[in-house]
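Participant: Following this message is one structure expressed as structure tokens.
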Amino acid sequence: MTQSAMCIPLWPARNGNTAHLVMCPFAGGSSSAFRHWQAEQLADCALSLVTWPGRDRLRHLEPLRSITQLAALLANELEASVSPDTPLLLAGHSMGAQVAFETCRLLEQRGLAPQGLIISGCHAPHLHSERQLSHRDDADFIAELIDIGGCSPELRENQELMSLFLPLLRADFYATESYHYDSPDVCPPLRTPALLLCGSHDREASWQQVDAWRQWLSHVTGPVVIDGDHFYPIQQARSFFTQIVRHFPHAFSAMTAWQKQPSTSER
Numbered sequence: 041m042t043q044s045a046m047c048i049p050l051w052p053a054r055n056g057n058t059a060h061l062v063m064c065p066f067a068g069g070s071s072s073a074f075r076h077w078q079a080e081q082l083a084d085c086a087l088s089l090v091t092w093p094g095r096d097r098l099r100h101l102e103p104l105r106s107i108t109q110l111a112a113l114l115a116n117e118l119e120a121s122v123s124p125d126t127p128l129l130l131a132g133h134s135m136g137a138q139v140a141f142e143t144c145r146l147l148e149q150r151g152l153a154p155q156g157l158i159i160s161g162c163h164a165p166h167l168h169s170e171r172q173l174s175h176r177d178d179a180d181f182i183a184e185l186i187d188i189g190g191c192s193p194e195l196r197e198n199q200e201l202m203s204l205f206l207p208l209l210r211a212d213f214y215a216t217e218s219y220h221y222d223s224p225d226v227c228p229p230l231r232t233p234a235l236l237l238c239g240s241h242d243r244e245a246s247w248q249q250v251d252a253w254r255q256w257l258s259h260v261t262g263p264v265v266i267d268g269d270h271f272y273p274i275q276q277a278r279s280f281f282t283q284i285v286r287h288f289p290h291a292f293s294a295m296t297a298w299q300k301q302p303s304t305s306e307r
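Start counting the sequence shown at 41; every next residue gets the next number (this note's numbering).
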């Protein structure tokens with residue numbers, strides 16, 4: 041992939057033709073939030089983290105305020121860069137789950153369906169988010185982010201950082217809050233096998249809200265519950281990858297001993 045690409049490689053594949061897992065992060069997410077993923081390869085696959093325009097290697101670009109626009113860019117890149125012989129898995133958490141879903145839909149329409157889709161910590165498209173932040177003033181916006189756990193309290197004390205990051209955060213939250221369909225009837229359910237994940241103490245996306253994705257998917261497992269709040273993919277990275285490997289074994293050539301341990305609770 042080129043330096044202008046959305047996908048930042050975090051792990052190389054250890055063996056040929058193993059899975060390429062593409063992870064779409066939460067609103068405000070960047071490579072720094074996933075730095076410890078890079079330090080320890082937790083699954084036998086290649087892993088790429090999607091970066092949104094306006095940050096990391098795409099910081100020279102204006103941030104986008106549309107989930108469908110982000111998905112179109114990602115689908116075009118994956119179509120051009122991923123080998124047909126490589127099992128592709130699309131994963132997304134929170135806002136990233138919306139982008140992953142729309143990207144999967146575009147790839148299916150092009151005859152390039154992934155081998156798996158992982159929807160994590162996100163309400164279904166016909167539901168609304170628990171919080172609406174994009175219309176708040178700066179003080180309330182930052183206070184809500186701190187309450188969610190996605191922002192350091194130090195940010196509001198640093199005007200330079202606020203001027204840098206607030207436009208990016210606002211663009212992300214506008215995109216995720218604006219993404220909505222009135223009914224699952226607007227499109228056929230995706231055919232790609234899907235895994236639903238949620239956090240045991242996630243106040244932003246409940247088990248019921250994640251389970252509602254079933255209306256949008258033809259072949260679905262879960263929701264599988266992982267211990268943690270809204271940021272369980274960061275807090276419980278090992279459990280997160282264990283579930284992906286367990287539910288899509290055909291895409292992985294091997295499993296380590298810890299990945300064969302009993303699963304987290306599944307409802």
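Think of the CB as a built atom: it goes at the ideal place given N, C-alpha and C, for glycine as much as any other residue.
Would you mind reading off the limits of the alpha helix (DSSP H) that contains Pro-49?
Facilitator: The residue you call residue 49 lines up with position 9 of the sequence shown. Premise fails: Pro-49 lies in the beta strand (DSSP E), 47-51, not in any alpha helix (DSSP H).
Participant: Is it buried or exposed for His-133, if we count other Cβ within 10 angstroms and need 16 for buried?
Facilitator: Counting from 1 along the sequence shown, the entry for residue 133 is found at position 93. Label assigned to His-133: buried.
Participant: Report buried or exposed for Val-226, applying the criterion of at least 16 other Cβ atoms within 10 angstroms of its Cβ.
Facilitator: As a working note, residue 226 is residue 186 in the sequence shown. Per the 10 Å Cβ criterion, exposed.
Participant: Does DSSP put Gly-21 in a helix, a strand or coil?
Facilitator: Any answer about residue 21 is impossible in this case: the structure gives the chain only from 41 up to 307.
Participant: Please report how far the alpha carbon of Pro-308 lies from the alpha carbon of Leu-167, in whole angstroms.
Facilitator: With the chain covering only 41 through 307, there is no way to say anything about residue 308.
Participant: Are the Cβ atoms of Ala-111 and Met-63 separated by less than 8 Å?
Facilitator: In the sequence shown, the residue the question calls residue 111 occupies position 71. In the sequence shown, the residue the question calls residue 63 occupies position 23. Not a contact, by the Cβ cut-off of 8 Å.
Participant: From Trp-253 to Thr-261, what does the alpha carbon distance come to, in whole angstroms?
Facilitator: Indexing the sequence shown from 1 puts residue 253 at position 213. Indexing the sequence shown from 1 puts residue 261 at position 221. Those two C-alpha atoms are separated by around 11 Å.
Participant: Regarding Val-264 and the ligand SAM, is the C-beta to nearest heavy atom distance less than 7 Å?
Facilitator: As presented, the structure is devoid of all ligands, the ligand SAM included, so that no description of it is given.
Participant: Buried or exposed: which applies to Asp-222, given that a residue is buried once 16 or more other Cβ atoms fall within 10 Å of its Cβ?
Facilitator: The residue you call residue 222 lines up with position 182 of the sequence shown. Exposed, since its Cβ has fewer than 16 Cβ neighbours within 10 Å.
Participant: When we look at the beta-carbon of Asp-84 and count the other beta-carbons within 10 Å, is it buried (16 or more) or exposed?
Facilitator: On the sequence shown, position 44 is the one that residue 84 refers to. Buried, by the Cβ-count rule.
Participant: Flag this pair as yes or no: are the beta carbons of Tyr-219 and Ser-174 separated by less than 8 Å?
Facilitator: Numbered from its first residue, the sequence shown carries residue 219 at position 179. Numbered from its first residue, the sequence shown carries residue 174 at position 134. Not a contact, by the Cβ cut-off of 8 Å.
Participant: Label His-21 either buried or exposed according to how many other C-beta atoms from any shown protein chain fall within 10 Å of its C-beta, with 16 as the threshold for buried.
Facilitator: Outside the shown range of the chain, which is 41 to 307, sits residue 21, and nothing can be said about it.
Participant: Just to check my reading of the structure: Arg-249 and Pro-224 have Cβ atoms closer than 8 Å, yes? What is that Cβ distance to the nearest angstrom?
Facilitator: Position 209 of the sequence shown holds residue 249. Position 184 of the sequence shown holds residue 224. Going by the sequence as given, residue 249 is Gln instead of Arg. Their Cβ separation, rounded to whole angstroms, is 14 Å, which puts Gln-249 and Pro-224 out of contact at 8 Å.
Participant: Is the beta carbon of Ile-159 closer than 8 Å to that of Ala-284?
Facilitator: For the purposes of this step, residue 284 is taken as residue 244 along the sequence shown, with counting starting at 1. For the purposes of this step, residue 159 is taken as residue 119 along the sequence shown, with counting starting at 1. The amino acid occupying residue 284 in the given sequence is Ile; Ala does not appear at that position. No; because the gap between Cβ atoms is not below 8 Å, this pair is not in contact.
Participant: Can you tell me the Cα-Cα spacing of Phe-181 and Gln-275, whole angstroms?
Facilitator: Here residue 181 refers to the residue found at position 141 of the sequence shown. Here residue 275 refers to the residue found at position 235 of the sequence shown. Distance between the alpha carbons of Phe-181 and Gln-275: 24 Å.
Participant: Buried or exposed for Arg-145, going by 16 or more other Cβ atoms inside 10 Å?
Facilitator: The sequence position of residue 145 within the sequence shown is 105, counting from 1. It is buried - the Cβ of Arg-145 has at least 16 other Cβ atoms within 10 Å.
Participant: Please return the same chain residues whose Cβ sits closer than 8 Å to the Cβ of Arg-105, not counting the five positions on each side in sequence.
Facilitator: Translated into the one-based positions of the sequence shown, residue 105 becomes position 65. For Arg-105, where only same-chain residues beyond five positions count, the Cβ hits under 8 Å are Ala-211, Tyr-214, Ala-215 and Ser-218.
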